[in-house]
Amino acid sequence: MSCSFPAETIERVVLFHGHSCPGLSIGIRAAEYALQYFGDAGNGELVCITETDMCGVDALQYLTGCTLGKGNLIHKDYGKMAFSFHHRPTAVGIRLRLRPETRGEIDAELAPLQRAIGQGTATPKEHDRAKELRRMLVKRFMTLPLEALFDRQELETLPPRPAQILESLPCACCGEKTMESRTRRLGGQTLCIPCFLEREQKI
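See the structure below:
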């Protein structure tokens, strides 16, 4: 089953991100899964916890309305291709993990080519082959059934609390206002994180 988003929507996601790539396709399908699973979730009702900072996060922001600015997109730097979605009104949550086998033989050939490109040793022919393989991965990710693309785990944890507006305190070192929850105490003073790290390392 192909992706259910209209072609125009996918084009807008690609425009928002800047290019089409396998990572963006994963994010598009994860957003599709979440929106189908939770139905017509209102603005701010969904919370996404992403365990990666890859291209697909842009698709998640564009399609689900989960954004850093609203506090309903949370990044945990685990380096995993996994996304958790919580529906605040019902406290229902799921975690989607990309099935490793979906990359299959394409990734086995693409991985060394990408290393060569990153090291600057790839030939023009290898560059062309890598582009072709990435296009193949995009097609695969966009056409596989969602259940074949992701493992789904039901979550028992409660949704993260909504973002709170906290007091800003002046840093005793640089004087810049800093959100209270991001300050540190050292030597009886309230410091921002950069000033704390600079002083703490000198002790």
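Mapping to the UniProt record's numbering: the sequence shown position 22 is 22, numbers consecutive. All C-beta atoms, glycine included, are put in the ideal place defined by N, C-alpha and C. All of these numbers come straight from a predicted model, not from anything done at the bench.
Checklist line | One or two residues paired with serine 168 in a DSSP bridge | finding: Stepping through the sequence shown from its first residue, residue 168 is reached at position 168. Within the DSSP bridge table, the entry for serine 168 names Met179 as partners.
Note to self: Measuring only the C-alpha atoms, how far is glutamate 126 from histidine 19?
What the structure shows: Start at 1 with the first residue of the sequence shown, and residue 126 comes out as number 126. Start at 1 with the first residue of the sequence shown, and residue 19 comes out as number 19. Straight through space, the alpha carbons of histidine 19 and glutamate 126 are spaced by roughly 20 Å.
Next item on the list: Give me the Cβ distance between leucine 191 and arginine 182, rounded to the nearest whole Å; I'm assuming they're in contact under 8 Å.
Entry: Translated into the one-based positions of the sequence shown, residue 191 becomes position 191. Translated into the one-based positions of the sequence shown, residue 182 becomes position 182. Actually they do not touch by this definition, with Cβ atoms about 10 Å apart.
Check: Since histidine 75 is in the beta strand (DSSP E), which residue starts that stretch and which ends it?
Finding: Residue mapping note: residue 75 aligns to position 75 of the sequence shown, counting from 1. Histidine 75 -> beta strand (DSSP E) spans 73-75.
Notebook entry, point to check: How is glycine 65 classed by DSSP in three states: helix, strand or coil?
Noted result: For the purposes of this step, residue 65 is taken as residue 65 along the sequence shown, with counting starting at 1. Three-state result, glycine 65: coil.
Note to self: Quick check: what's the CA-CA separation for valine 47 versus phenylalanine 38?
What the structure shows: Counting from 1 along the sequence shown, the entry for residue 47 is found at position 47. Counting from 1 along the sequence shown, the entry for residue 38 is found at position 38. Their Cα atoms are separated by approximately 11 Å.
Notebook entry, point to check: Can you name, in chain order, every residue of its own chain whose Cβ lies under 6 Å from the Cβ of cysteine 195, other than the five neighbours on each side?
Noted result: The count along the sequence shown starts at 1 and reaches residue 195 at position 195. Cys171, Cys173 and Cys174.
Next item on the list: Report yes if the CB atom of alanine 82 is closer than 8 Å to the CB atom of glutamate 51, and no otherwise.
Entry: Within the sequence shown, the letter at position 82 stands for residue 82. Within the sequence shown, the letter at position 51 stands for residue 51. Going by C-beta atoms, alanine 82 is nearer than 8 Å to glutamate 51.
Next item on the list: Look up cysteine 21 in the DSSP assignment and say whether it is helix, strand or coil.
Entry: Here residue 21 corresponds to residue number 21 of the sequence shown, with the count starting at 1. In the three-state reduction of the DSSP assignment, cysteine 21 falls in the coil class, being assigned neither a helical nor a strand state.
Next item on the list: Ignore the nearest five residues each way along the sequence and tell me which others in arginine 161's own chain have a CB closer than 8 Å to its CB.
Entry: Within the sequence shown, the letter at position 161 stands for residue 161. Excluding sequence positions up to five before and after arginine 161, its CB lies less than 8 Å from no other CB in the same chain.
Item checked: Start-to-end residues for the beta strand (DSSP E) that takes in phenylalanine 150 -> Stepping through the sequence shown from its first residue, residue 150 is reached at position 150. Start and end: 150-155.
Next item on the list: Please report how far the alpha carbon of isoleucine 94 lies from the alpha carbon of threonine 121, in whole angstroms.
Entry: Translated into the one-based positions of the sequence shown, residue 94 becomes position 94. Translated into the one-based positions of the sequence shown, residue 121 becomes position 121. Rounded to the nearest angstrom, the two C-alpha atoms are 42 Å apart.
Next item on the list: Please confirm whether isoleucine 28 and isoleucine 10 have their CB atoms less than 8 Å apart.
Entry: Taking the sequence shown and counting its residues from 1, the one referred to as residue 28 is at position 28. Taking the sequence shown and counting its residues from 1, the one referred to as residue 10 is at position 10. Going by C-beta atoms, isoleucine 28 is nearer than 8 Å to isoleucine 10.
Margin query: Count Cβ pairs between the region 122-142 and the region 68-86 that sit closer than 8 Å; are there 3 or more?
Written below: Contact fails between the region 122-142 and the region 68-86, because fewer than three Cβ pairs, one in each stretch, are under 8 Å apart.
Note to self: Just to confirm before moving on: does the CB-CB distance between residue 213 and arginine 129 stay below 8 Å?
What the structure shows: Any property of residue 213 remains undetermined from this structure, which presents the chain solely from 1 to 203.
Checklist line | Reduced DSSP secondary structure (H/G/I, E/B, other) of arginine 195 | finding: Locating residue 195 in the sequence shown gives position 195, where the first residue counts as 1. It should be noted that the sequence gives cysteine, not arginine, for residue 195. Three-state result, cysteine 195: helix.
Notebook entry, point to check: So which of His17, Arg99 and Ser168 has the shortest CA-CA distance to methionine 179?
Noted result: In the sequence shown, counting from the first residue as 1, residue 179 sits at position 179. Measuring from the Cα of methionine 179, the nearest candidate turns out to be Ser168.
Notebook entry, point to check: In its own chain, which residues sit with a C-beta less than 8 Å from the C-beta of glutamine 36, not counting the 5 before and 5 after it?
Noted result: Locating residue 36 in the sequence shown gives position 36, counting from the first residue. Excluding positions up to five away in sequence, the list reads Ser4 and Leu146.
Check: Nearest-angstrom Cα distance between leucine 96 and glutamate 109?
Finding: Here residue 96 refers to the residue found at position 96 when the sequence shown is read from its first residue. Here residue 109 refers to the residue found at position 109 when the sequence shown is read from its first residue. Their Cα atoms are separated by approximately 26 Å.
Next item on the list: Out of Thr90, Ile26 and Ala59, state which residue places its alpha-carbon closest to the alpha-carbon of valine 14.
Entry: For the purposes of this step, residue 14 is taken as residue 14 along the sequence shown, with counting starting at 1. The shortest C-alpha separation from valine 14 is found at Ala59.
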